[in-house]
Amino acid sequence: MLTYLFINLLTAAIPVAYSFHKRLNFYGTWAAFWPAIFLTGIFFISWDVIFTNLGVWGFNQKYLLGVSLLGLPIEEWLFFVCIPYACVFTYHCLKQLIKKDYLGEHVKGITLSLAAMLFLIAIWNLDKAYTSVTFLALSVFLLLHLFVLKSEYLGRFYFTYLILLIPFFVVNGILTGSFIKEEVVWYNSNENLGVRIFTIPIEDVFYGFLLILTNVTFYEALLSKRPILKSARKTAKLRNLNCEKRTGSTIEMSKIQRCETMG
């Protein structure tokens, strides 16, 4: 069965198709996106290889093509391309379409609370590899964003991830056996808290958070340093403004015509 492969491809299909939409213009940022995917992948694939070899998690061969590289099925490699593509695309679209940063003023409180909670849970569960490594890594990374990087986009990322949790529970639900006979990815219960949302280990929520935030961090850093990419973003914004102006002009013309007709 090709379940894992289909999940990857279907997840990325619509985002790839809409990457060329004139208003969204996501393809214009690919020069930042693809290096971000590569840099993030180096860390997460290395982590994946180690944890797979240690038996922290593993894969059900019934749902795989049977092709592996460094002990990981090819579908797992694709996971680190397809899932981040869909998520960073969503992040980009929300930035383009929603101008207000709803969580911006609450970033410090959210970040400190989340980092403290994750750190305490990690320290309390050092004997559980998945829990301790994921929670500690995310805790440190959040503090890095808050005090060193001083990221202005963190509020937008939080907002985006809350929305992404909806498809996350569907995709991860399938991978962990919610809607199929057996799980595609299995987890060693001795290496996690044993707390699950349906069939999904609670650690997966924060692992996904760290994965996407890492991609977005590199993506934003590369966007800010490349003049061509800045120009692409400005072009997209100008297109949006022109569309809004044309829409506004059309509405005004309609009002004038109605007034003339009534007169």
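If you want this note's numbering, it's the position in the sequence shown, counting the first as 1, plus 31.
Backbone N, C-alpha and C fix where the C-beta goes; we use that ideal spot for every residue, glycine too.
Nonlocal neighbours in the same chain, by C-beta distance under 7 Å from residue i, ignoring five residues either side
i           : result
residue 182 : 176
residue 32  : 93, 94
residue 223 : 159, 161, 162, 232, 234
residue 169 : 149, 237, 240, 241
residue 39  : 106, 109, 110, 113
residue 68  : 112, 115, 246
Residues of its chain near residue i, where Cβ-Cβ distance is below 6 Å and the 5 sequence neighbours each way are ignored
i           : result
residue 155 : none
residue 125 : 191
residue 146 : 170, 173, 174
Through-space distance from residue j to residue i, alpha-carbon basis
i           : j           : result
residue 108 : residue 100 : 8 Å
residue 219 : residue 197 : 25 Å
residue 251 : residue 34  : 33 Å
residue 57  : residue 254 : 12 Å
residue 142 : residue 118 : 20 Å
residue 212 : residue 97  : 19 Å
residue 188 : residue 144 : 16 Å
residue 127 : residue 221 : 43 Å
residue 113 : residue 105 : 12 Å
residue 53  : residue 139 : 35 Å
residue 129 : residue 51  : 19 Å
residue 247 : residue 178 : 17 Å
residue 86  : residue 216 : 12 Å
residue 152 : residue 78  : 20 Å
Helix, strand or coil at residue i according to DSSP, with G and I counted as helix
i           : result
residue 90  : strand
residue 231 : strand
residue 122 : helix
residue 129 : coil
residue 242 : helix
residue 33  : coil
residue 134 : coil
Residues near residue i in its chain [Cβ-Cβ closer than 8 Å; skip 5 each side]
i           : result
residue 228 : 200, 236
residue 133 : 186, 190
residue 5   : Nothing can be reported for residue 5: it is not among the residues displayed for the chain, which extend from 32 to 294.
residue 214 : 91, 206, 207, 208, 230
residue 65  : none
Minimum Cβ-Cβ distance from residue i to chain D less than 7 Å
i          : result
residue 72 : Note that chain D does not occur in the displayed structure, where there is just one protein chain.
Cβ-heavy atom distance, residue i to the ligand NAD, below 6 Å
i           : result
residue 101 : Absence of the ligand NAD from the depicted structure is noted, as is the absence of any ligand whatsoever, leaving it without description.
Ignoring anything shorter than 4 residues or poking outside the segment 145-225, list the alpha helix (DSSP H) runs there in chain order.
DSSP runs (the alpha helix (DSSP H)) wholly in the segment 145-225: 160-175, 185-206.
Which whole runs of the beta strand (DSSP E) in the segment 37-113 are 3 residues long or more, in chain order?
Whole beta strand (DSSP E) segments, 3+ residues: 88-90.
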